[in-house]
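Note that our numbering has the sequence shown beginning at 364, numbered continuously upward. By construction, the Cβ of each residue, glycine as well, lies at the ideal position given by its N, Cα and C atoms. This report concerns only the one structure given below.
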Amino acid sequence: MKVRILGAGPAGLYLAALMKRDDPSHDIEIFERSPRNATWGFGVVFSDRALEFLKADDQALFDYLTPHLETWPEITVVHNDTKIPVAGNGFSSIGRLELLTLLYAYVEKLGIKINFDSEIKSLDQLGDADLVVGANGAFSWLRDENKEKFGTTIDWRPNRFIWYGTTKAFNSLTLTFRETDAGVFCAHHYRYQPDRSTFLVEVEDATWHRAGFEHMSPEETIKYCEQVFAKDLEGHPIITNNSHWRQFPAIWNERWSFDNVVLLGDSLRTAHFSIGSGTRLAMEDSVALFKALKEHKNNVKAALAYFQELRNPPMKKIWDAANVSIRWYEEMDKLVKELTPVEFAYSYMTRTGRVSHEEVKKRDPKLAQDYEKLHPEVVTQSV
Ligand SMILES: Cc1cc2nc3c(=O)[nH]c(=O)nc-3n(C[C@H](O)[C@H](O)[C@H](O)COP(=O)(O)OP(=O)(O)OC[C@H]3O[C@@H](n4cnc5c(N)ncnc54)[C@H](O)[C@@H]3O)c2cc1C
């Protein structure tokens with residue numbers, strides 16, 4: 364089968380690997396506009412649950428990646444100066460560049476060609492193919508140019524975020540919320556290698572305007588954020604990598620394919636970074652498409668229909684949860700001001716509606732007890 368893939372991100376790379384590993388006669392090429400060693404961002408996280416899925420689907424890749432992961436058993440929620448560790452939330456992380464480099468090596472060893480520095484701007488550039496995969500990320504032109512066929516919706520969310528790093532190595536995945544005169548600032552930070560952490564700063568739109576970020580240079584912006592999080596950074600600098608303020612596009616497609624063209628990963632749908640599932644979802648898409656093609660013996664039309672049928676229910680659940688999580692962050696000013704640290708940490712844990720009081724009790728009995736003292740009604744409600 365001749366397969367042409369746009370984009371050497373986790374989605375495109377992993378689909379290529381699964382297909383070629385299963386059938387070395389496939390003719391697969393990947394086209395990536397960036398050079399081999401270029402990538403944006405710092406580290407990405409996988410929850411323990413996400414890794415369990417990977418282990419179940421692909422023990423070989425799990426064994427290949429896990430020695431490179433930083434892991435920790437809990438998360439920490441910081442409400443101004445109060446730190447609340449929340450147990451039962453294991454996470455692992457890896458530098459995005461390291462993950463991609465490992466996947467490039469994995470894919471190339473299987474005999475797949477990755478064409479770096481190759482921007483594809485039209486399908487004609489790919490020639491004839493049995494299957495064309497649009498794994499070219501959240502800003503896919505292939506999706507945008509065919510938005511009627513795909514039934515695309517893009518909901519730009521109001522919060523602003525900027526993806527930084529720092530040389531400080533944090534001990535757990537931490538969500539730090541600090542009140543300032545301009546409003547509440549949130550940092551999502553976690554170590555992804557022994558001397559580096561991701562340090563993503565997020566604020567409500569009104570805070571962003573009050574702080575005056577639109578008139579600040581990149582250096583002034585860093586200085587401002589370093590001051591807000593001085594107690595957390597403890598003298599370590601914030602570092603940048605093509606970092607700039609963005610807003611998050613919540614993307615969905617009603618139809619995932621037309622003719623022999625299919626979307627995969629972030630081009631198909633985005634999931635807010637606060638649930639740490641973007642990379643996992645992209646890789647699970649690849650597993651589902653691979654299974655659909657196999658089940659239908661590479662009959663592309665049947666396989667693409669089955670791909671959507673198979674993948675839509677589990678993906679929609681996580682996508683819905685991600686969108687509820689986005690909205691929680693859009694109320695961070697109010698929540699930080701109105702809730703005590705324990706209530707705040709509890710609200711964080713239960714924000715998507717997928718974690719019940721019983722589940723909090725299982726994961727972190729102390730947090731559940733502390734919350735019950737403030738809200739005894741929750742005990743009767745949860746019985
Ligand atoms: C701020 C932020 C933080 C995030 N944090 C996390 C996290 O902690 N954990 C997590 O799991 N996920 C995180 N994500 C999401 C994660 O990075 C993505 O969900 C994941 O990378 C999606 O994989 P993908 O392969 O679909 O797309 P991408 O990784 O975006 O890859 C698409 C590739 O296509 C290439 N491309 C684009 N257009 C063309 C073209 N015309 N021709 C050729 N190549 C092209 C791009 O250069 C890119 O390499 C975060 C995302 C953001 C924005």
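According to the DSSP assignment, Glu583 belongs to the alpha helix (DSSP H) that extends over Pro581 to Val591. Apart from the 5 residues on each side of it in sequence, Lys476 sits with its Cβ closer than 6 Å to the Cβ of Glu392 in its chain, given in chain order. Ligand 1 never approaches Asn522 closely enough for any of its heavy atoms to be under 8 Å from the residue's Cβ. In the three-state scheme derived from DSSP, where H, G and I count as helix and E and B as strand, Ile601 is classed as strand. When the alpha-carbon of Met646 is set against those of Ala413, Pro728 and Glu511, the nearest one is in Ala413. By the Cβ-count criterion, Gln671 is buried, with 16 or more other Cβ atoms from all chains shown falling within 10 Å of its own Cβ. Given a length threshold of 3 residues, the stretch 639 to 703 has no whole run of the beta strand (DSSP E) inside it. Beta-bridge partners assigned by DSSP to Pro612: Trp519.
Under the criterion of beta carbons closer than 8 Å, Pro739 and Thr445 do not qualify as touching, at roughly 22 Å. With a cutoff of 8 Å, Thr603 does not count as near ligand 1, since its C-beta is closer than that to no heavy atom of the ligand. In this structure, DSSP gives Asp622 a state outside helix and strand, which the three-state scheme calls coil. Cβ neighbours of Gly546 within its own chain (closer than 7 Å, five residues either side excluded): Val566, Glu567, Ala569, Thr570, Arg573 and Asp696. The nearest non-hydrogen atom of ligand 1 is less than 8 Å from the C-beta of Arg643.
Taken from the Cβ of Leu432, every heavy atom of ligand 1 lies 8 Å or farther away.
Closest in C-alpha terms to Gln732, from the list Arg367, Tyr709 and Thr713, comes Tyr709. Exclusion of the five residues before and after Asp727 leaves Val449, Ala450 and Gly451 as the residues of its chain whose Cβ lies within less than 6 Å of its Cβ.
DSSP places Ala380 in the helix class (H, G or I) of the three-state scheme. A contact between stretches requires three or more CB pairs, one per stretch, nearer than 8 Å, and the stretch 586 to 602 fails this requirement with the stretch 464 to 482. In the DSSP assignment, Thr537 falls within the beta strand (DSSP E) that extends over Leu536 to Thr543. Collapsing the DSSP output to three states places Val705 in a helix.
In the assembly as shown, Asp622 is an exposed residue. Its beta-carbon has fewer than 16 other beta-carbons within 10 Å.
The beta carbons of Asn499 and Leu369 sit closer together than 9 Å. In the DSSP assignment, Gln556 is bridged to Arg559. Between Gln556 and Gly458, the CB-CB gap stays under 9 Å.
Taking the Cβ of Pro373 as the reference point, at least one heavy atom of ligand 1 falls within a distance shorter than 8 Å. Here Val496 is near Leu652, since their CB atoms are less than 9 Å apart. Only exposed fits Ser485, as fewer than 16 other CB atoms lie within 10 angstroms of its CB. 9 Å or more divides the Cβ of Lys383 from the Cβ of Gly490.
The beta carbon of Ile517 sits closer than 7 Å to those of Pro612 and Ile614, all from its chain and outside the five residues before and after it, given in chain order. In the three-state reduction of the DSSP assignment, Lys484 falls in the coil class, being assigned neither a helical nor a strand state. Pairing Val699 with Glu471, the inter-Cα distance amounts to about 48 Å.
Contact holds between the stretch 650 to 668 and the stretch 620 to 639, because three or more Cβ pairs, one in each stretch, are under 8 Å apart.
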